[in-house]
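J.: Submitted below is the structure of interest, expressed as structure tokens.
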Amino acid sequence: MDARARAAVRKRAGNRCEYCQLRQEDSPLAALHVEHIVPKTHGGTDDLENLALACIDCNLHKGPNLTGIDPETNQVTELFHPRRDRWSDHFEWRGICLQGKTTVGRTTIRVLHMNSEDQLALRSV
Ligand SMILES: [Zn+2]
77 MDARARAAVR
87 KRAGNRCEYC
97 QLRQEDSPLA
107 ALHVEHIVPK
117 THGGTDDLEN
127 LALACIDCNL
137 HKGPNLTGID
147 PETNQVTELF
157 HPRRDRWSDH
167 FEWRGICLQG
177 KTTVGRTTIR
187 VLHMNSEDQL
197 ALRSV
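Shown next, in the form of structure tokens:
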């Protein structure tokens, strides 16, 4: 992945985490990362369609995961895919907390710890 690809991903994402929507300017201590939606371990490529911008919290918790267990249905569910899925179809805001509207949303919030104390603290500023 070269600097041009990184810049393109950053621009396409509007300089926000494509999972929790944290803006770069609200995360002055940690740069948002360009991550592989399908990790390289699972055959993911450096193609722009497989890249997304993610904050350090979402990126670390996502790790090599592609799925999780939906806390409501207990079914194995795919994680949110920023290139294929529309954010507003799966997530909504309740104050500073993220709420999953679908199995994908709930599972992604759970696996990525998107309502962790650290995340809530950043959002409340
Ligand atoms: Zn995030």
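Just so we're on the same page, our numbering is the position in the sequence shown counted from 1, plus 76. The beta-carbon is built from N, C-alpha and C at its ideal position, and this holds for glycine as well. These figures come from a predicted structure and were not determined experimentally.
1) Quick one: which unbroken beta strand (DSSP E) runs of 3-plus residues sit fully inside the stretch 111-164? Chain order, please.
2) Would you mind sorting Val201 into buried or exposed? The rule is 16 or more other CB atoms within 10 Å of its CB.
3) So does Glu133 have its beta carbon nearer than 7 angstroms to some heavy atom of ligand 1?
4) Leaving aside the five residues before and after His189 along the sequence, list all residues of the same chain whose C-beta is less than 6 angstroms from its C-beta, in chain order.
5) From Glu193 to Arg199, what does the alpha carbon distance come to, in whole angstroms?
6) Identify every residue that forms a DSSP beta bridge with Cys173.
7) Cβ-heavy atom distance between Gln195 and ligand 2 below 7 angstroms?
8) Closer than 7 angstroms: is that where the CB of Ala130 sits relative to any heavy atom of ligand 1?
9) On a Cα-Cα basis, can you pick out the residue from Val85, Cys96, Arg82 that is closest to Gly176?
10) Strictly by DSSP, which residues pair up with Arg92?
11) Let me make sure I understand the geometry here. Which of Trp163, Met77, Cys131, Thr143 has the alpha-carbon closest to that of Thr121?
T.: Reading from the atomic positions:
1) Counting only runs of 3 or more, we get 127-130, 143-145, 152-154.
2) exposed
3) First, the residue type needs correcting, since residue 133 is Asp and not Glu in the sequence shown. It does: the Cβ of Asp133 is within 7 angstroms (strictly closer) of some heavy atom of ligand 1.
4) His137
5) 10 angstroms
6) Beta-bridge pairing links Cys173 to Arg170.
7) Questions concerning ligand 2 fall outside what the structure shown contains, since the ligands it does hold are ligand 1.
8) yes
9) Cys96
10) Arg99
11) Met77
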